Amino acid sequence: MTQARPRISKAVIPAAGLGTRFLPATKATPKEMLPVVDKPAIQYVVEEAVNAGLSDVLMITGRNKRPLEDHFDRNYELEEALRRKGDESRLSRVQESSNLGTIHYVRQGDPRGLGHAILCAAPHVGNEPFAVLLGDDLIDARDPLLSRMVDIQRLRGGSVIALMEVDPSQVHLYGCAAFKPTDIEDVVEVTGLVEKPDPAEAPSNYAVIGRYVLDPAVFEVLRETPPGRGGEIQLTDALQALAAEPGLGGPVHGLVFKGRRYDTGDRGDYLRAIVRLACEREDLGPDFRAWLRSYVTEEM
Ligand code: G1P
């Protein structure tokens, strides 16, 4: 009988990017703090990790990222002011973000790519599988992805990535996978990966989206991975090495996700994410949808 693998408890969230696509908003504010309706984007991501049972979160930050730490910390002055006003509902909204698991921070002094950011997590993670969540991808809480990836990793070992079918014209924006089927319908075995390929050279139109469950062998591979696309150390290249040589850290499986994903890394997609999520909110949705309907018919 195979021994049950220990439950994964650590999540790594790279948050050191400069957010240049959102300048000037991100001149003095980290892009992760931009609101999606009324919550900073990063809070959705931390909540997703915690809801998948990963209560130990490590954020890889950089300079000018102090607001992230403040957001996940208590704010006694504000809490006291709300308490004095008797505003219990806002008080609990303010406290939510400081009650989410344990959050650790490490700085990526030198921004040398996503692979390098993950390598900064090695001392904290140690020798156990861990999850990585990229902040630009928001996954709808109603469509569980990460918890299934954790289950697949426990079952099959190695690493698990999330894949999503995209229009072939979009593959150059993503890591892109070659794979073969397994006995589980939406789980594939990854045989190759290319970071941001030209459409003509893409192995498929299945894109890597920003959720990973990784075997710690990835650290050793990353240490040896030379700069790739864009002169940066790419996580995709390290995963390609793992997929090509399962003896290094077990197989790489892909979970094909068909749920709702919102991309907040691009201005247009960010606006669409806000509109979609606002429409679905119980408190804001009814009024907002009615306004949107009349705006679209009358103004456009
Ligand atoms: C990163 C990864 C890429 C992946 C994407 C998902 O790229 O390098 O493989 O497909 O995230 O969002 P980025 O969007 O940070 O350039």
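In UniProt numbering, the protein residues as written are 1 to 300.
Even glycine gets a Cβ: it sits at the ideal position worked out from N, Cα and C.
Since this is a predicted model, take the numbers as computed values, not measurements.
Buried or exposed for residue i, please, with buried defined as at least 16 other CB atoms from any protein chain shown within 10 angstroms of its CB.
i      : result
Val12  : buried
Gly180 : Reading off the sequence, residue 180 comes out as Lys, not Gly. Lys180 should be labelled exposed.
Met1   : Only weak support exists for where Met1 lies, its pLDDT of 46 falling under 50; the value from the coordinates is given anyway. So Met1 counts as exposed.
Val132 : buried
Glu128 : exposed
Thr264 : buried
Val208 : buried
Starting from residue i, trace the alpha helix (DSSP H) in both directions and tell me its first and last residue.
i           : result
Asp70       : Arg66 to His71
residue 302 : The first residue shown for the chain is 1 and the last is 300, placing residue 302 beyond what the model contains.
Lys85       : Tyr76 to Lys85
Ile118      : Leu114 to Leu119
Pro14       : Per DSSP, Pro14 belongs to no alpha helix (DSSP H); it is in the beta strand (DSSP E), Lys10 to Pro14.
For the beta strand (DSSP E) that contains residue i, what are its first and last residues?
i      : result
Phe179 : Gly175 to Pro181
Glu195 : Val187 to Glu195
Considering only heavy atoms of ligand 1, does any lie closer than 6 Å to the CB of residue i?
i      : result
Thr225 : no
Gly175 : yes
Gly135 : no
Thr236 : yes
Val208 : yes
Leaving aside the five residues before and after residue i along the sequence, list all residues of the same chain whose C-beta is less than 6 Å from its C-beta, in chain order.
i     : result
Lys65 : Pro30
Phe22 : Lys31
Leu82 : Arg90 and Leu91
Leu18 : none
To which residues of the same chain is residue i closer than 8 Å at the C-beta, ignoring the five residues directly before and after it?
i      : result
Thr225 : Gly115, Ile233, Gln234, Asp237, Ala238 and Ala241
Val37  : Ile274, Leu277, Ala278, Arg281 and Leu284
What does DSSP give as the partner residue(s) for residue i in the beta ladder?
i           : result
His104      : Leu58
Arg261      : Ile139
Phe130      : Leu214
Ser204      : In the DSSP output, where bridge partners are listed per residue, Ser204 has none listed.
residue 331 : There is simply no residue 331 to check, as the chain begins at 1 and stops at 300 in what is shown.
Gly165      : First, the amino acid is wrong: residue 165 is Glu here, not Gly. Its beta-bridge partners are Tyr206.
Pro35       : Pro40
May I ask whether a heavy atom of ligand 2 can be found less than 6 Å away from the beta carbon of residue i?
i      : result
Gly113 : For the structure depicted, ligand 2 is absent and the ligand set comprises only ligand 1.
To which residues of the same chain is residue i closer than 7 Å at the C-beta, ignoring the five residues directly before and after it?
i      : result
Thr191 : Ala178, Phe179, Lys180 and Ala243
Ala200 : none
Phe219 : Leu119 and Ala122
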